[in-house]
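Worksheet: one structure, shown below.
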Amino acid sequence: MNSSESEDQEINIEEEELSKPIILAQANKGMEIQENSDPFNGTFVFFDEDHTLGNSLRYILANQPNVEFCGYSLPHPSENKMNMRLQTVNETKEKVMNDGLKCLSQICDIIEDKFKQALEKK
Numbered sequence: 391m392n393s394s395e396s397e398d399q400e401i402n403i404e405e406e407e408l409s410k411p412i413i414l415a416q417a418n419k420g421m422e423i424q425e426n427s428d429p430f431n432g433t434f435v436f437f438d439e440d441h442t443l444g445n446s447l448r449y450i451l452a453n454q455p456n457v458e459f460c461g462y463s464l465p466h467p468s469e470n471k472m473n474m475r476l477q478t479v480n481e482t483k484e485k486v487m488n489d490g491l492k493c494l495s496q497i498c499d500i501i502e503d504k505f506k507q508a509l510e511k512k
């Protein structure tokens with residue numbers, strides 16, 4: 391692969407991959423969704439996360455065509471959690487969040503592969 395191919399590499403997510411649920415919470419840690427009756431608007435609370443996930447995920451979600459608003463906050467330094475607010479159009483907030491997390495995961499896999507390739511060239 392030449393350098394122009396690697397720069398132009400796109401992340402292609404198959405529709406069947408997007409339909410598989412991603413596990414977000416285990417043993418009361420991980421993530422919870424603050425309950426409300428609106429399927430297109432809500433807040434996700436991520437535990438033991440900070441700006442590293444928050445800003446990356448916000449960027450991925452904000453660039454989706456079905457996202458009207460996305461933002462995150464860290465309520466207080468003594469609280470070990472991150473709040474992600476998401477407003478969507480035409481798709482449920484859970485599906486959009488799931489798709490965003492999968493996309494971010496694929497980006498991380500690509501970065502890891504590039505790093506390993508660079509190490510092998512040394």
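Using the working numbering, the letters of the sequence shown map in sequence onto residues 391 to 512.
Note that the Cβ used here is the ideal one computed from N, Cα and C, for glycine as well.
DSSP-derived helix/strand/coil call for residue i
i, result
"G432", "strand"
"V457", "strand"
"S468", "coil"
"E484", "helix"
"Q477", "strand"
"E439", "coil"
"S463", "strand"
"E425", "coil"
"K512", "coil"
"G490", "helix"
Residue i versus the options, residue with shortest Cα-Cα distance
i, options, result
"V457", "P467, E481, I501", "E481"
"M421", "D440, S427, I501", "D440"
"S375", "S446, G490, F430", "No answer is possible for residue 375: it lies beyond the span of the chain, which begins at 391 and ends at 512."
"K442", "E425, V479, K471", "Note that residue 442 is Thr in the sequence shown, not Lys. Taking only the C-alpha atoms, the option nearest T442 is K471."
"P426", "P467, E484, P455, H466", "Per the sequence presented here, residue 426 reads as Asn, with Pro not at that position. If we check each option's Cα against that of N426, E484 comes out closest."
"G490", "D428, I450, Q424, P429", "I450"
"D428", "V479, K506, C498, I501", "V479"
For residue j and residue i, believed in contact at Cβ under 8 Å, the rounded distance
i, j, result
"G444", "M474", "7 Å"
"L476", "F434", "7 Å"
C-beta atoms of residue i and residue j nearer than 8 Å
i, j, result
"G461", "R448", "yes"
Meets three-Cβ-pair contact criterion under 8 Å: the segment 475-495 and the segment 503-511: no
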